[in-house]
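Q: Pasting a structure below so you can have a look.
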Amino acid sequence: MAFFKRKDNGTTIKVSVDTKLPESKNSFLEDWNKILVPHEGQKEMEHAFFTLNKKYIFNRRGRKGAKSTDNIRIAWRYANENRGKVIYICCPQIVQGAEIYWDEKRLQRCDAEDDHMTEKYVSNIDKKNYIITFNNGSFIRLVGTWTETRSRGMQPDLMIFDEVADCRSEYIEAADGNMAAKPDARWIMSGTPPKKYTHFHEWEKRIASRDDGICFKHSSYINTALPHLKDWLDKKKVELIAAGREDIWRREYLAEDDFSSEERLLPDATIQDFSDIWGKIILKDSMRLTCVVSVLVTEFKICIVWAVIERNRYEPMKIYILESQNIKKVWNISFYKLNEMIEEKCSRYKPFHSNGHWNKVIWDETESFTDVVQGWQKSRKDFKWKLRGIPLLKELMLNEHILFSNQTPEIGIECQNYLRDEDILDYPTVSSLCVLTNEYYQAPLLSKKEKEHWDKYQPLREAGLIPPPLSQRIGRVSLFRKGDLK
5 MAFFKRKDNG TTIKVSVDTK LPESKNSFLE DWNKILVPHE GQKEMEHAFF
55 TLNKKYIFNR RGRKGAKSTD NIRIAWRYAN ENRGKVIYIC CPQIVQGAEI
105 YWDEKRLQRC DAEDDHMTEK YVSNIDKKNY IITFNNGSFI RLVGTWTETR
155 SRGMQPDLMI FDEVADCRSE YIEAADGNMA AKPDARWIMS GTPPKKYTHF
205 HEWEKRIASR DDGICFKHSS YINTALPHLK DWLDKKKVEL IAAGREDIWR
255 REYLAEDDFS SEERLLPDAT IQDFSDIWGK IILKDSMRLT CVVSVLVTEF
305 KICIVWAVIE RNRYEPMKIY ILESQNIKKV WNISFYKLNE MIEEKCSRYK
355 PFHSNGHWNK VIWDETESFT DVVQGWQKSR KDFKWKLRGI PLLKELMLNE
405 HILFSNQTPE IGIECQNYLR DEDILDYPTV SSLCVLTNEY YQAPLLSKKE
455 KEHWDKYQPL REAGLIPPPL SQRIGRVSLF RKGDLK
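The number in the numbering used here is simply the position in the sequence shown, starting from 1, with 4 added.
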């Protein structure tokens, strides 16, 4: 067993590589083909990648169409047939990628039912960084596009984007520039069409226009590997049409564009690097800043948001979202331990604030947290945070008065998916922000008349000119001598 250092996206990681000779291509291909019998859509994908050598592939496919299986199979075969290849599988969130690929050991096993592929071809598994290293030095890594601020600096041989509609568009654009680092770099994008026209459709057109690109489109019925799937889809079609949701059927299962649900409650969130937001906060007057931690507790999940509110006399308040954390089940953590964890993180942000005091607000559906832990302000019980908090949050986002750090990756996905007819509690980060906004929102202190009077000479100030004295501010703005100023 030998060791070498690999520089991965700015971080040097020490990994082990088995020095034994890798299995031959024919031997691997024989084992690879035994795992499953691919359906027609998978055969087309594999033929385009390995036979036609297409560098850019776009795979539009309905739910249950085995898109993740395609990504795993192609990544494994490309890694094992070529020495030292760098492969990234990019999901919207790293948590989502872990649930789909890692937790059930699908990626580690090449989507097989046992570990025979792992034992034969894998030399090291890095559980912390979600990296699989093969005997020939190639590796596959899972990453999340909303957690990472940027993808510049990576030098992949193969980039695979899963659920591309939910992936962060800025991350994808930055990753596209990395393709120039290697002459034979490859690119795969797969997913189900979204509810509105987005970068999903733009990339589909861009790849279709390339000579080395190809696009596929298949409905969920393409997956013949599941014998029961056709009957399940037929029943789902009847159910959705009867419920008046034919748009979901066309979009999610037939992979057709349907923008009838285009109007969303929340706009897209703009994610910034944490250091950029932190740099803005520490330059502010601490007397105008209010530190708030908002907690949402339901039967099955807890969401915590750390934020700083800036109040300004002349403009609406601004909210800087520093961090968020979701905990799936209440019984996974005691309330005492949860409160200690919240206090510990609050203490990290104390240096910029003069008094270091954090306001705490909570919406607790279990009605048990505040009985155990003291010092928390209960959110209003009249559900005003649902009726009033959502419009206020939307207004702040539209006017760019709320800034999200990359330590709040869930907000991007939630804003993309949250529709009017869905329960807001299904989106814990948005709910926590609505509670926070409803409790602490404050309009500008100046009246409309005062604000208009204040803004009257603002263009002069912006141009570097001194406004006239009060005695000359009646009527139109006239020229005045410097000696007239008092």
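In this text, a Cβ means the ideal position worked out from N, Cα and C, and glycines have one as well.
Which residues does DSSP list as the beta-bridge partners of L146?
A: Answer by DSSP bridge pairing, in chain order: I93.
Q: In whole angstroms, what separates the C-alpha of W191 from that of S290?
A: Looking at the two C-alpha atoms, the distance is approximately 47 Å.
Q: Going by CA-CA distance only, name the one from I226, W367, L326 that's closest to K349.
A: Per the Cα distances, L326.
Q: Comparing C-alpha positions only, which one of P432, H232, I313, L293 sits nearest to E328?
A: Before going on, a small fix: residue 328 reads as Ser here, not Glu. Of P432, H232, I313, L293, the residue nearest in Cα terms is P432.
Q: Where does the unbroken beta strand (DSSP E) through G195 begin, and where does it stop?
A: From DSSP, the beta strand (DSSP E) with G195 extends over 190-195.
Q: Contact between the segment 240-249 and the segment 371-379 is defined here as three or more beta-carbon pairs at a separation below 8 Å; is this criterion met?
A: Because the criterion of three Cβ pairs below 8 Å is not met, the segment 240-249 and the segment 371-379 do not touch.
Q: Comparing C-alpha positions only, which one of A447, W310, K322 sits nearest to N363?
A: Residue W310 is the option with its Cα nearest to N363.
Q: Going by the beta-carbon positions, is the gap between I275 and I306 smaller than 7 Å?
A: Their beta carbons are not under 7 Å apart, which means I275 does not touch I306 by this criterion.
Q: Using only the alpha-carbon positions, how far apart do S194 and I164 sit?
A: Taking the straight line from one Cα to the other gives about 8 Å.
Q: Select from A169, K68, L269, N139 the residue whose C-alpha is nearest the C-alpha of P231.
A: The shortest Cα separation from P231 among A169, K68, L269, N139 belongs to K68.
Q: Of the choices K132, T137, N343, Y175, whose alpha-carbon is the least far from that of E123?
A: Of the candidates K132, T137, N343, Y175, the one whose C-alpha sits nearest the C-alpha of E123 is T137.
Q: Quick one: is L32 buried, meaning 16 or more other Cβ sit within 10 Å of its Cβ, or exposed?
A: Correcting the residue type first, residue 32 is Phe in the shown sequence and not Leu. Classification of F32: buried, given that the 10 Å Cβ count is 16 or more.
Q: Grouping DSSP H, G and I as helix and E and B as strand, with all else coil, what is R10?
A: Its pLDDT being 47, under 50, R10 is placed unreliably by the model, and the measurement read from it follows with that caveat. R10 falls in the strand class under three-state DSSP.
Q: Taking DSSP as the reference, what is the three-state secondary structure of P471?
A: P471: coil per DSSP, three-state reduction.
Q: Grouping DSSP H, G and I as helix and E and B as strand, with all else coil, what is Y324?
A: If DSSP states are grouped into helix, strand and coil, Y324 belongs with the strands.
Q: Hey, how far is the Cα of D368 from the Cα of G393?
A: Going by the C-alpha atoms only, they are around 16 Å apart.
Q: Can you list, in chain order, the residues of its chain whose CB lies under 7 Å from that of V365, leaving out five sequence neighbours each side?
A: The residues are V296, S298, Q381, S383, V439, L440, E443.
Q: Bridge partners for Q420 per DSSP, in chain order?
A: Answer by DSSP bridge pairing: none, since Q420 is not bridged.
Q: Start and end of the alpha helix (DSSP H) containing A83?
A: From DSSP, the alpha helix (DSSP H) with A83 extends over 71-85.
Q: Have a look at A259 and I428 and give me their C-alpha separation to the nearest angstrom.
A: Answer to the nearest angstrom: the Cα atoms are 26 Å apart.
Q: Where does K186 sit, in a helix, a strand or coil, going by DSSP?
A: Here K186 sits in coil by DSSP.
Q: I'd like to confirm the pairing. Which residues does DSSP put opposite E314 in its beta bridges?
A: The partner list for E314 (beta bridge, DSSP) reads L293, K322.
Q: How far does the alpha helix (DSSP H) with M401 in it extend, from its first residue to its last?
A: Taken as a continuous stretch (DSSP letters only), the alpha helix (DSSP H) holding M401 covers 393-402.
Q: Whole angstroms are fine: how far does the CA of L396 sit from the CA of P271?
A: Those two C-alpha atoms are separated by around 13 Å.
Q: Is the Cβ-Cβ distance between M321 and Q446 less than 7 Å?
A: A contact, by the Cβ cut-off of 7 Å.
Q: Determine the DSSP secondary structure at Y340, reduced to helix, strand or coil.
A: Looking at Y340 - three-state DSSP - the assignment turns out to be helix.
Q: Using only CA atoms, which one of I308, G66, H43, I78 lies nearest to N57?
A: Comparing Cα-Cα distances from N57 to each of I308, G66, H43, I78, the minimum goes to I78.
Q: Considering only DSSP beta bridges, list what Q329 is partnered with.
A: Q329 pairs with I308.
Q: Who are the Cβ neighbours of F263 in its own chain at under 6 Å, not counting the five residues just before and after it?
A: K200.
Q: Are the beta-carbon atoms of Q411 and F278 separated by less than 7 Å?
A: In this structure, F278 lies closer than 7 Å to Q411 by Cβ.
Q: Ordered along the chain, which non-local residues of its own chain (more than five positions away) have a Cβ less than 6 Å from that of A273?
A: Result list for A273: F408, I415, G416, C419, in chain order.
Q: To the nearest angstrom, how far is it from the Cα of P160 to the Cα of L146?
A: Roughly 12 Å between the two C-alpha positions.
Q: Measure from the alpha carbon of I144 to the alpha carbon of each residue in E174, I93, E167, then state which is nearest.
A: Nearest of E174, I93, E167 to I144, Cα basis: I93.
Q: Per DSSP, which one or two residues make a beta bridge with S279?
A: Partner(s): none; S279 has no beta bridge.
Q: By the three-class DSSP mapping on this structure, what secondary structure does S264 have?
A: Coil, per DSSP.
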